[in-house]
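Visitor:
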Amino acid sequence: MPKFMLLQNYDGGDCLVPMNEWAPKDVTAHIDFQHTLNKQLEASGELVDAQGLAWPEAAKIVRSDGVGAPAVTDGPFLEGKEFLAGYRMVDVESEARALEIAAMSSASPGPDGVPMRLSIEVRQVMGAPTTDG
Amino acid sequence: MATDAGVEGLLRELAPQVLGATIRRFGDFGAGEDAVQEALLAAAVHWTRDGLPPSPRAWLIQTASHRMTDHIRSELARRQREEVAAMRELPGADVASDADDTLTVLFMCCHPALTGASATALTLRAVGGLTTAEIANAFLVPEATMAQRISRAKHRIKTSGLPFAMPTTTEWAPRLRAVLHVLYLIFNEGYVSSVGSELHRAELSDEAIRLTAMVHRMLPDDSEVAGLLALMLLTDARRPARTGAHGELVPLPVQDRSLWNSRLIAEGTALVEDAIAKGAVGEYQLQAAIASVHDNAPTVDDTDWPKILALYGFLEQLTGNPMVSLNSAIAEAMVHGPHAGLALLDALDEPLAGHFRLDAVRAHLFEMAGDPASAITHYRAAAARTTSIPEQQYLTTQAARLRAAQPSS
Numbered sequence: 065m066p067k068f069m070l071l072q073n074y075d076g077g078d079c080l081v082p083m084n085e086w087a088p089k090d091v092t093a094h095i096d097f098q099h100t101l102n103k104q105l106e107a108s109g110e111l112v113d114a115q116g117l118a119w120p121e122a123a124k125i126v127r128s129d130g131v132g133a134p135a136v137t138d139g140p141f142l143e144g145k146e147f148l149a150g151y152r153m154v155d156v157e158s159e160a161r162a163l164e165i166a167a168m169s170s171a172s173p174g175p176d177g178v179p180m181r182l183s184i185e186v187r188q189v190m191g192a193p194t195t196d197g
Numbered sequence: 324m325a326t327d328a329g330v331e332g333l334l335r336e337l338a339p340q341v342l343g344a345t346i347r348r349f350g351d352f353g354a355g356e357d358a359v360q361e362a363l364l365a366a367a368v369h370w371t372r373d374g375l376p377p378s379p380r381a382w383l384i385q386t387a388s389h390r391m392t393d394h395i396r397s398e399l400a401r402r403q404r405e406e407v408a409a410m411r412e413l414p415g416a417d418v419a420s421d422a423d424d425t426l427t428v429l430f431m432c433c434h435p436a437l438t439g440a441s442a443t444a445l446t447l448r449a450v451g452g453l454t455t456a457e458i459a460n461a462f463l464v465p466e467a468t469m470a471q472r473i474s475r476a477k478h479r480i481k482t483s484g485l486p487f488a489m490p491t492t493t494e495w496a497p498r499l500r501a502v503l504h505v506l507y508l509i510f511n512e513g514y515v516s517s518v519g520s521e522l523h524r525a526e527l528s529d530e531a532i533r534l535t536a537m538v539h540r541m542l543p544d545d546s547e548v549a550g551l552l553a554l555m556l557l558t559d560a561r562r563p564a565r566t567g568a569h570g571e572l573v574p575l576p577v578q579d580r581s582l583w584n585s586r587l588i589a590e591g592t593a594l595v596e597d598a599i600a601k602g603a604v605g606e607y608q609l610q611a612a613i614a615s616v617h618d619n620a621p622t623v624d625d626t627d628w629p630k631i632l633a634l635y636g637f638l639e640q641l642t643g644n645p646m647v648s649l650n651s652a653i654a655e656a657m658v659h660g661p662h663a664g665l666a667l668l669d670a671l672d673e674p675l676a677g678h679f680r681l682d683a684v685r686a687h688l689f690e691m692a693g694d695p696a697s698a699i700t701h702y703r704a705a706a707a708r709t710t711s712i713p714e715q716q717y718l719t720t721q722a723a724r725l726r727a728a729q730p731s732s
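Protein chains in written order, with my numbering: chain B, 65 to 197; chain Z, 324 to 732.
Quick look at the structure:
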């Protein structure tokens, strides 16, 4: 079965209000939604991993030539909304199923429960060769 | 003291027999499968410490029955359902042979109502006797996820109302085909993954060969079972040569044939020749026959390509699978030249649209035809589309090699 990474950026989809300005109940509903989706995917035997990443404020960039001391900086980063926020990895029967899960994730609830229509990037994880050639 | 390896082999062989006996006694596949797993774990601990009991099979059945009794008691206490109390011996219990039980369990695990992924996982556990953790590790998913996958598969079998019995005569052929397909999936999962750092997954191929050999012993007259076993042996024979020193993929034409396993080749060749002689030629026999021609050829150029081309022709008629046509185009090129092969590829643009293998074969045939510029284009396109790292590295290397040979491009 192929594995897929579903990548989610800080781009809030249709929702223009950043999450730290949402009503507490909306934040809770959003987080509950993610937990429920993860539980569903575990129960269906499809979840490999799901993680959220620490915010850009805590991020570092490392560059090295393999000889001297590496350069560790706080940036420069991509524009905030293009910054990776988290991912799910799923092990599914087909790409169609991965897209279906991505659609569920895209419809995460925003303020007042309105679906956010987040952009979810779907990338297949490199696996074994398909043939002996 | 029994050796760990000896005990494990024995347990794996007894697992489906014990499960069959347990299901016939209690009539519950799902709970029975859990009870047998617990009995196997208990045996692994006790037998390696205290030595084998006088009758290992009876010991396992008794231990599994105790677990089932416990399970039924707790179910009773919880749900107050008296009908479950009937720990009856079903009519004819223990009359069927162990071989029949093992086959019946295999047929249940490979039921067409299950997806390929569910059936492979359940087969490895219920028939192969592997633990959920081992299966999860082989498929690189967390144990909790694999446990759910197996549990859902068992639930599916339970709700389908499938009786614990061999398929009827009318169902036999499609049900056996489903079993062979699952065994092939298990083999392939292990074989294609056993490149570079993922060598440990080769155990899946060994397990598939063990299970298919077992089915072959039980159904010696079925020529497709023999064909599948032959295909596995003939493919597995090339395993030592298909990976280079750095874990890179080595395609068949340039493999070091002295590394091929001659014992497996002889065994597989004899099996497939015997099967084909019996008539009723099927897909696995044809694939095995093709593998046999490759395996018995001293070099690529000494390969009997006209025979391979003819066998692919039969396989195409039988399956209508465009991937078969793609392989057939390579054989066509080897017999009638690269342009003849390229001409066949045009018909595959639609059915294989976007598939990297079409680009990879086209690149190879353009290279044969002395058109490196077109070959580079298609090697690159194939590299961009494959979902395998060893394949991507191989295809990128091919493009780079051709580019280096003609610096002007």
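Ideal Cβ positions, reconstructed from N, Cα and C, are used throughout, including at glycine.
Since the model is a prediction, treat every value here as computed from it, not as a measurement.
Relative to the C-alpha of P334/Z, which candidate in G374/Z, D351/Z, G353/Z, P379/Z has its C-alpha closest?
Guide: Numbered from 1 along the second sequence, position 11 holds the residue referred to as residue 334/Z. It should be noted that the sequence gives Leu, not Pro, for residue 334/Z. With distances taken between Cα atoms, L334/Z lies closest to P379/Z.
Visitor: Is DSSP giving T392/Z helix, strand or coil here?
Guide: The residue given as residue 392/Z occupies position 69 in the second sequence. The answer is helix: DSSP assigns T392/Z an H, G or I state.
Visitor: Select from L632/Z, R533/Z, A654/Z, E547/Z the residue whose C-alpha is nearest the C-alpha of G452/Z.
Guide: Within the second sequence, the letter at position 129 stands for residue 452/Z. With distances taken between Cα atoms, G452/Z lies closest to R533/Z.
Visitor: If we count the other Cβ atoms within 10 Å of its Cβ and call it buried at 16 or more, is A705/Z buried or exposed?
Guide: Here residue 705/Z is taken as the residue at index 382 of the second sequence, counted from 1. Classification for A705/Z: buried.
Visitor: Under the rule that 16 or more other beta-carbon atoms within 10 Å means buried, what is E714/Z, buried or exposed?
Guide: Looking up residue 714/Z in the second sequence gives position 391. E714/Z is buried by the Cβ-count criterion.
Visitor: With V616/Z as the anchor, note down where its alpha helix (DSSP H) starts and where it stops.
Guide: For the purposes of this step, residue 616/Z is identified with residue 293 of the second sequence, where counting begins at 1. V616/Z -> alpha helix (DSSP H) spans 606-618.
Visitor: Threshold first: 3 residues or longer. Then list the beta strand (DSSP E) segments lying entirely within the stretch 115-149 of chain B, N to C.
Guide: Runs of the beta strand (DSSP E) inside the stretch 115-149 of chain B: 125-127, 135-137.
Visitor: Does the beta carbon of E157/B sit closer than 7 Å to a beta carbon anywhere in chain Z?
Guide: Sequence index remark: in the first sequence, residue 157/B carries index 93 (1-based). Taking Cβ atoms only, chain Z reaches closer than 7 Å to E157/B, which makes this a yes.
Visitor: Determine, for V464/Z, whether the minimum Cβ-Cβ distance to residues of chain B falls below 7 Å.
Guide: Stepping through the second sequence from its first residue, residue 464/Z is reached at position 141. Yes, its Cβ sits closer than 7 Å to a Cβ of chain B.
Visitor: List the endpoints of the continuous beta strand (DSSP E) containing V186/B.
Guide: Within the first sequence, the letter at position 122 stands for residue 186/B. Taken as a continuous stretch (DSSP letters only), the beta strand (DSSP E) holding V186/B covers 184-188.
Visitor: Starting from the Cα of C79/B, find the closest Cα among E157/B, Q188/B, S170/B and give me that residue.
Guide: Here residue 79/B refers to the residue found at position 15 of the first sequence. Of the listed residues, the one whose Cα sits closest to C79/B is S170/B.
Visitor: For the stretch 470-481 of chain Z against the stretch 382-399 of chain Z, are there 3 or more C-beta pairs whose distance is under 8 Å?
Guide: At 8 Å Cβ cutoff, the stretches do not touch.
Visitor: Do L554/Z and A614/Z have their C-beta atoms within less than 7 Å of each other?
Guide: Start at 1 with the first residue of the second sequence, and residue 554/Z comes out as number 231. Start at 1 with the first residue of the second sequence, and residue 614/Z comes out as number 291. Yes. Within cutoff.
Visitor: Name, going along the chain, the residues of the stretch 369-389 of chain Z whose beta-carbon falls closer than 9 Å to a beta-carbon of chain B.
Guide: Those residues of the stretch 369-389 of chain Z that come within reach of chain B (Cβ to Cβ, closer than 9 Å) do not exist; the list is empty.
Visitor: Just the Cα atoms here: how many angstroms apart are M272/Z and A676/Z?
Guide: Past the edges of chain Z, shown from 324 to 732, lies residue 272/Z, and the structure says nothing about it.
Visitor: What residue range is occupied by the uninterrupted beta strand (DSSP E) comprising L71/B?
Guide: Counting from 1 along the first sequence, the entry for residue 71/B is found at position 7. 67-73 is the span of the beta strand (DSSP E), which, as asked, contains L71/B.
Visitor: Is any beta-carbon of chain Z found at less than 7 Å from that of E164/B?
Guide: Locating residue 164/B in the first sequence gives position 100, counting from the first residue. It does not; no Cβ of chain Z falls within 7 Å.
Visitor: Is it true that the CB of E110/B sits closer than 7 Å to the CB of V178/B?
Guide: Walking along the first sequence from the start, residue 178/B turns up at place 114. Walking along the first sequence from the start, residue 110/B turns up at place 46. Not in contact: V178/B and E110/B (Cβ atoms no closer than 7 Å).
Visitor: Which residues in chain B sit within 8 Å of M469/Z, going by Cβ to Cβ distance?
Guide: Working through the second sequence from its first residue, we reach residue 469/Z at position 146. Ordered by position in chain B, the residues that pass the 8 Å Cβ test against M469/Z are G109.
Visitor: CB F97/B to CB S172/B, shorter than 7 Å?
Guide: Taking the first residue of the first sequence as 1, we reach residue 97/B at position 33. Taking the first residue of the first sequence as 1, we reach residue 172/B at position 108. Yes. Within cutoff.
Visitor: Could you name the residues of the same chain whose beta carbon sits closer than 6 Å to that of T719/Z, not counting the 5 residues immediately before and after it, in chain order?
Guide: Position 396 of the second sequence, counting from 1, holds the residue named residue 719/Z. Answer for T719/Z: A706, listed in chain order.
Visitor: For T454/Z and Q360/Z, what's the separation of their Cα atoms in angstroms?
Guide: The residue given as residue 454/Z occupies position 131 in the second sequence. The residue given as residue 360/Z occupies position 37 in the second sequence. Looking at the two C-alpha atoms, the distance is approximately 8 Å.
Visitor: Scan the stretch 622-649 of chain Z for residues whose Cβ lies nearer than 9 Å to a Cβ of chain B and list them as they occur along the chain.
Guide: Here the close residues are M646.
Visitor: Please return the same chain residues whose Cβ sits closer than 7 Å to the Cβ of Q716/Z, not counting the five positions on each side in sequence.
Guide: Residue numbering aside, residue 716/Z sits at position 393 when the second sequence is read from its first letter. So the list reads E571, once near-sequence residues are dropped.
Visitor: Using beta carbons (cut-off 7 Å, strictly below), is Q72/B in contact with chain Z?
Guide: Here residue 72/B refers to the residue found at position 8 when the first sequence is read from its first residue. No, Q72/B does not count as interfacial toward chain Z.
Visitor: So for T438/Z, helix, strand or coil by DSSP?
Guide: On the second sequence, position 115 is the one that residue 438/Z refers to. If DSSP states are grouped into helix, strand and coil, T438/Z belongs with coil.
Visitor: Taking only beta-carbon atoms, is C79/B less than 7 Å away from chain Z?
Guide: On the first sequence, residue 79/B is found 15 positions in, with the first residue counted as 1. Judged by the 7 Å Cβ criterion, C79/B is not in contact with chain Z.
Visitor: For L383/Z and A366/Z, which I take to be in contact (beta-carbon distance under 8 Å), what is that distance rounded to the nearest angstrom?
Guide: Here residue 383/Z refers to the residue found at position 60 when the second sequence is read from its first residue. Here residue 366/Z refers to the residue found at position 43 when the second sequence is read from its first residue. Indeed, because the Cβ distance is near 6 Å, the residues count as touching under 8 Å.
Visitor: Distance, Cα to Cα, P486/Z vs Y507/Z?
Guide: In the second sequence, residue 486/Z corresponds to position 163, counting from 1. In the second sequence, residue 507/Z corresponds to position 184, counting from 1. One C-alpha to the other measures close to 25 Å.
Visitor: Cα-Cα, which of S128/B, P134/B, S108/B, M153/B is closest to G116/B?
Guide: For the purposes of this step, residue 116/B is taken as residue 52 along the first sequence, with counting starting at 1. Ranking S128/B, P134/B, S108/B, M153/B by Cα distance to G116/B puts M153/B first.
Visitor: Using a Cβ-Cβ cutoff of less than 8 Å, which residues in the same chain neighbour S546/Z once the five nearest sequence positions on both sides are dropped?
Guide: Indexing the second sequence from 1 puts residue 546/Z at position 223. Here the set comprises A598, I599, K601, G602, A603, V604, G605, Q608.
Visitor: For chain B, check one thing: does any of its Cβ atoms lie closer than 7 Å to the Cβ of A440/Z?
Guide: One-based indexing of the second sequence puts residue 440/Z at position 117. Taking Cβ atoms only, chain B reaches closer than 7 Å to A440/Z, which makes this a yes.
Visitor: Write down every uninterrupted run of the beta strand (DSSP E) in the stretch 645-683 of chain Z whose length is 3 residues or greater and which is fully enclosed by it, in chain order.
Guide: Runs of the beta strand (DSSP E) inside the stretch 645-683 of chain Z: none found.
Visitor: Cα separation between E412/Z and D672/Z?
Guide: The residue you call residue 412/Z lines up with position 89 of the second sequence. The residue you call residue 672/Z lines up with position 349 of the second sequence. The predicted model places E412/Z with a pLDDT of 40, which falls under 50 and marks its position as unreliable; any figure quoted below should be read in that light. Answer to the nearest angstrom: the Cα atoms are 60 Å apart.
Visitor: Rounded to the nearest angstrom, what separates I184/B and L71/B at their Cα positions?
Guide: The residue you call residue 184/B lines up with position 120 of the first sequence. The residue you call residue 71/B lines up with position 7 of the first sequence. Cα-Cα distance, rounded: 6 Å.
Visitor: Looking at C-alpha atoms only, which residue of P621/Z, V623/Z, N650/Z is the closest neighbour of L634/Z?
Guide: Counted from its first residue, the second sequence places residue 634/Z at position 311. L634/Z has its Cα closest to that of N650/Z, out of P621/Z, V623/Z, N650/Z.
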